[in-house]
Ligand SMILES: Nc1ncnc2c1ncn2[C@@H]1O[C@H](COP(=O)(O)OP(=O)(O)OP(=O)(O)O)[C@@H](O)[C@H]1O
Ligand SMILES: [Mg+2]
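Residue numbers (the numbering used here): 311 to 749.
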């Protein structure tokens, strides 16, 4: 059967109870008057720490002192260090009602603004303005903040599985199954749809694997709203703005013109979906020429159902429903349209991914595609993957056979286990936090 975008649509309009419920939630959430960045952007009387804590947004959040946050993170100890991005380091901590009456005992992630870093007060405040007001099961919950002298911190709910980037590309992470990948894709899509469909749409602008956080049950939540923007108002079709975002994820028309729409987020969603299908990073300078940019390299193959098996992540070992993979690939293909118009809305994407999830719930045992085994060393594997390096990201124990045993006995015989680890270390694993700037 030839799979076309249109042929997929009718099945997607099968409205289930959950969808109706989530739609109601979206309506309910967007009915209050959300304050926008403009409401706080008065150069003649800039917002003060007191102003923020007394504002409507501040009343939703806890205004922590620096001393409190130092205590809960054990003096920002290295043992509590979770990672670091363009904003600054992130530490694990624990808060309870000893800090504030009624505060739920919980593990938190405390993000400390690095004042010498890429981001500053504006991004910190933007995060508070958006996340202080937007609440949704697929957005990370902001619990509070600290604004004291030069210190700017943010306190979030803690998501034990870290980012999708760690899960997909981390050296020691477990290979995500097909159904888990689709659950994450659906969750992230719902988060974006919620932002886009509100009365005052929000453009997220920095959708990427490292900004999708994963809960213990693999619920995906969007984090990092420092670059978020209010969508176009009135008759405007787009927002004109400085070009910022992350290489490899930003939409071509936004990079070319600075015109930002919700469709720019849809493109970035397509990039992340492609990363999930292929297990490859959107940009990897270690790949050979012509393969560095994942979208340019593999997008053309996504619309051909016969070629899908060849682009799929080898670590899935063919364990996925072929039709589901074709549909997901077609969703990615449409989201990655060069021009914004043919891209689907995030609402459309949610509907399609929901049908995939239903199907995968109905068929607990994934269908194995024999074609994968035949083509596992296909043209779509980079040199390092052909040498087996990529598999180091997988769990040591899979299918009852250790990787070591498999490696030594398998077709890659010839490289030792230890050597393989060393080779893996040589493969650059970089987090591209560089921001586009026009000047
Ligand atoms: N709420 C959270 N719960 C658990 N881990 C978190 C949380 N927030 C951030 N982290 C971890 O902290 C690390 C740094 O996150 P951060 O968002 O600052 O940077 P990034 O997303 O990697 O890069 P960028 O600056 O491009 O957004 C990530 O590895 C992430 O897994
Ligand atoms: Mg981030």
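C-beta atoms are modelled at their ideal positions from N, C-alpha and C, and glycine is treated no differently.
Would you list the residues sitting across from residue i in a DSSP beta bridge?
i           : result
residue 610 : None, per the DSSP bridge assignment.
residue 540 : 512
residue 410 : According to DSSP, residue 410 bridges with nothing at all.
residue 403 : 418
residue 530 : 524
residue 462 : 457
residue 452 : 466
residue 394 : 399
residue 569 : 550
residue 372 : 454
residue 486 : DSSP, once it has assigned bridges, lists no residue as partnering residue 486.
residue 473 : 523
residue 593 : 603
Apart from the five residues just before and just after residue i, which ones in its own chain have a Cβ nearer than 6 Å to its Cβ?
i           : result
residue 415 : 406
residue 529 : 497
residue 654 : 644
residue 594 : none
residue 435 : none
residue 379 : 420, 456, 463
residue 582 : 519
residue 310 : This structure leaves residue 310 out entirely; the chain is present only between 311 and 749.
residue 451 : 467
residue 424 : 398
residue 750 : The displayed coordinates of the chain run from 311 to 749. Any statement about residue 750 would go beyond what the structure contains.
Mark residue i as exposed unless 16 or more other C-beta atoms lie within 10 angstroms of its C-beta, in which case mark it buried.
i           : result
residue 538 : buried
residue 648 : exposed
residue 575 : buried
residue 375 : exposed
residue 460 : exposed
residue 556 : buried
residue 399 : buried
residue 445 : exposed
residue 590 : buried
residue 391 : exposed
residue 628 : buried
residue 473 : buried
residue 720 : Residue confidence is low: residue 720 scores 29 on pLDDT, short of 50, so the model does not pin down where it sits. Its coordinate-derived value is still stated next. Residue 720 should be labelled exposed.
residue 658 : buried
residue 610 : exposed
residue 598 : exposed
residue 493 : buried
residue 360 : exposed
residue 552 : exposed
residue 650 : buried
residue 383 : buried
residue 403 : buried
residue 481 : exposed
residue 544 : exposed
residue 495 : buried
residue 432 : exposed
residue 426 : exposed
residue 513 : buried
residue 664 : buried
Enumerate in chain order the residues of its own chain whose CB-to-CB distance from residue i is below 7 Å, with the five nearest sequence positions on each side excluded.
i           : result
residue 729 : Here the model assigns residue 729 a pLDDT of 26, short of 50, so the residue's position is not dependable, and the following value carries that caveat. Same-chain partners within the cutoff: there are none.
residue 477 : 471, 483, 486, 524
residue 363 : 373
residue 569 : 548, 550, 563
residue 577 : 561, 645, 646, 653
residue 667 : 492, 493, 496
Could you give the C-beta distance for residue i and residue j, rounded to a whole number, given that I count them as a contact under 8 Å?
i           : j           : result
residue 640 : residue 613 : 6 Å
residue 505 : residue 511 : 7 Å
residue 559 : residue 517 : 7 Å
residue 443 : residue 536 : Their Cβ separation, rounded to whole angstroms, is 15 Å, which puts residue 443 and residue 536 out of contact at 8 Å.
residue 670 : residue 631 : 7 Å
residue 638 : residue 587 : 6 Å
residue 584 : residue 642 : 5 Å
residue 531 : residue 441 : Not a contact, Cβ separation roughly 11 Å.
residue 418 : residue 453 : 6 Å
Once you ignore the five residues that flank residue i on each side, which residues in its own chain have a CB closer than 8 Å to its CB?
i           : result
residue 566 : none
residue 488 : 626, 629, 630, 631, 634, 635, 670, 676
residue 340 : At residue 340, the pLDDT of 44 sits below 50, so the modelled position is not reliable; the number obtained from the coordinates is stated separately. Excluding positions up to five away in sequence, the list reads 507, 508, 509, 510.
residue 413 : 372, 405, 406, 407
residue 579 : 498, 499, 502, 517, 645, 656, 659
residue 491 : 586, 587
Mind checking whether the beta-carbon of residue i lies closer than 6 Å to any heavy atom of ligand 4?
i           : result
residue 479 : Only ligand 1 and ligand 2 can be found as ligands here, which leaves ligand 4 out of the picture.
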